[in-house]
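Everything on this sheet refers to the single structure shown next.
There are 2 protein chains.
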Amino acid sequence: MKMSKAEQKQQTMQKLIEVAREMFSKQGYADAAMEDIVKQAGVTRGALYHHFGSKEGLFQAVLASVQKEIGDRVEAEAAKSEDPWQQLILGCLAFVSSAVEHHNKRILLIDGPSVIGWETWRRMDEENSMRHLREQLLTMQEQGYLRPVSIDALTHLLSGAMNEAVLWISETPDHEKSLKEISTAITLLLEGFRAK
Amino acid sequence: MKMSKAEQKQQTMQKLIEVAREMFSKQGYADAAMEDIVKQAGVTRGALYHHFGSKEGLFQAVLASVQKEIGDRVEAEAAKSEDPWQQLILGCLAFVSSAVEHHNKRILLIDGPSVIGWETWRRMDEENSMRHLREQLLTMQEQGYLRPVSIDALTHLLSGAMNEAVLWISETPDHEKSLKEISTAITLLLEGFRAK
DNA sequence: TTAACATACATACAGAATGTATGTAAAGTG
DNA sequence: CACTTTACATACATTCTGTATGTATGTTAA
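From first to last, the protein sequence lines stand for chains A and B. Following full-length UniProt numbering, the numbering of the first sequence begins with 1 at its first residue and continues without gaps. Following full-length UniProt numbering, the numbering of the second sequence begins with 1 at its first residue and continues without gaps.
In structure tokens, the structure reads:
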């Protein structure tokens, strides 16, 4: 079983990301020691620093993988309808529910902005998981579904609202109930922007 | 000029909080070294650990002071109207604009949840700066101003939206312009919850 | 008023964690 | 087949938090 350098690299990085993702989400970034990560991944500090350069670099890789997973689910869910308004609502709810299910909220929403800085975090968020939201809103405004309003402002308001919703739901004892409450509230919230 | 223990304590703590607030907001929590903080405050590590117990303890004290400042401004602003609906809008805008002005967003919104944990951060936020939002919404619902909706859910949605708005505005080149856009958007957003 | 005590620090040190410099074996390349 | 690059391992330097201990000064009660 000979391995090419490329395969080896891919495999080592993947393993490190997996292990790090687990530890970052359970202990938080600050309390996860590189020493433990490499030990559990079966390599040494050398491998980690060779591929990721720093602890922050590793975190960024982990964050990207989490964002991508959620982004894919949102996209798939939104595509289930033809009506733009319905697509928007479906996408929002898909984001909230899939982010809640995923036990990586800490990486995605809590440590993310703090560790890599808000600007970088925002850029990554937009590229991976929030891209469609902005596009969807832009399209809807062009087609006259929305009242006149700054799309950038609206995008951030919605994004912030949903992120906080995810964290809140995760803290409540009855996820299903609070998810329903959030769904209702988001639907009403969006109603405010519907062109009359 | 003899100083009582109580005075001395008060003075040292205040000075440490001031210095720490400066460094936390400029360099971020992780990159602010206790050594530098105590040096700049003119005391030693002993004093810091005596009063605050840990770096996290110091941060929590700093966060509380920032939250209190903003909370006071929000309260004052909201009290300028008699109409509940107007009060709500005034309070929201006061929060956003005063948090934007304040150059401690990093402490308040970015490092806060990460350093002391989201649950603790939320509790502090509710006690200091977001308390009135929830109360205001509750009152308004009782008086029939709002559609039937979970107040908890709504509170978190609004809070999250505004926090994100603050960060976004801070990043834009023209604060005044983006603040206006956010104001419009928030007003529309709230409109969705108005009882018909 | 003075002995006993508590408080507010200072100092030195221990422990842990990140990052870096250097070495090495294997794969890739001309 | 020489030689270069890559993917690591290992040892070490640095830095930072937290703790243990010492001390001077203010406070309190007999």
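Note that the Cβ used here is the ideal one computed from N, Cα and C, for glycine as well.
At which residues does the alpha helix (DSSP H) containing B/V74 begin and terminate? In the second sequence, residue 74 of chain B corresponds to position 74, counting from 1. Start and end: 55 to 78.
In whole angstroms, what is the alpha-carbon distance linking B/A153 and B/A161? Residue 153 of chain B sits at position 153 when you count from the first residue of the second sequence. Residue 161 of chain B sits at position 161 when you count from the first residue of the second sequence. So the two alpha carbons sit approximately 12 Å from each other.
Quick one: what does DSSP say B/R134 is sitting in, helix, strand or coil? Reading the second sequence from its first residue, position 134 is the one you call residue 134 of chain B. B/R134 falls in the helix class under three-state DSSP.
Anything in the region 91 to 104 of chain A with a Cβ closer than 9 Å to a Cβ of chain B? List those residues in chain order, please. none
Chain-ordered neighbours of B/L138 on chain A, where CB pairs are closer than 7 Å: Mapped onto the second sequence, residue 138 of chain B falls at position 138. Those do not exist, as B/L138 stays about 15 Å from chain A at its closest Cβ, beyond 7 Å.
Could you work out which residues of chain A lie near B/G42, taking near to mean beta carbons separated by less than 8 Å? The residue you call residue 42 of chain B lines up with position 42 of the second sequence. Under the 8 Å cutoff, chain A gives no residues; its nearest Cβ is about 28 Å from B/G42.
Residue-chain proximity (B/D31, chain A), Cβ-Cβ < 8 Å: Reading the second sequence from its first residue, position 31 is the one you call residue 31 of chain B. So, not an interface residue.
Does B/D83 pass the burial test, meaning 16 or more other C-beta atoms within 10 Å, or should it be called exposed? On the second sequence, residue 83 of chain B is found 83 positions in, with the first residue counted as 1. Per the 10 Å Cβ criterion, exposed.
According to the neighbour-count rule (16 or more other Cβ atoms, all chains shown, within 10 Å of its Cβ), is B/M1 buried or exposed? Numbered from its first residue, the second sequence carries residue 1 of chain B at position 1. Note on B/M1: pLDDT 49, under 50, position unreliable in the model; no value is reported.
Indicate the three-state DSSP secondary structure (helix, strand or coil) for B/M1 in the structure shown. Position 1 of the second sequence holds residue 1 of chain B. Because the pLDDT at B/M1 is just 49, under 50, the model does not fix this residue reliably, and the value given afterwards should be weighed accordingly. In the structure shown, B/M1 sits in coil (DSSP, three-state: anything other than H, G, I, E or B).
On the criterion of 16 or more Cβ atoms from any shown chain inside 10 Å, does B/A41 qualify as buried, or is it exposed? Locating residue 41 of chain B in the second sequence gives position 41, where the first residue counts as 1. Looking at its Cβ environment, which holds 16 or more other Cβ atoms inside 10 Å, B/A41 is buried.
Anyone know if the C-beta pair for B/S170 and B/V74 falls short of 8 Å? Walking along the second sequence from the start, residue 170 of chain B turns up at place 170. Walking along the second sequence from the start, residue 74 of chain B turns up at place 74. No, Cβ-Cβ distance for B/S170 and B/V74 is not below 8 Å.
What is the DSSP secondary structure of A/E18, counted as helix, strand or coil? By one-based count along the first sequence, residue 18 of chain A stands at place 18. Three-state result, A/E18: helix.
Identify the continuous alpha helix (DSSP H) that holds B/G46 and give its terminal residues. The count along the second sequence starts at 1 and reaches residue 46 of chain B at position 46. Start and end: 45 to 52.
Check the C-beta distance from B/H156 over to B/A78 and give it rounded, since I have them as a contact under 8 Å. What you label residue 156 of chain B is simply residue 156 of the second sequence in a count that begins at 1. What you label residue 78 of chain B is simply residue 78 of the second sequence in a count that begins at 1. 19 Å between Cβ atoms; not a contact.
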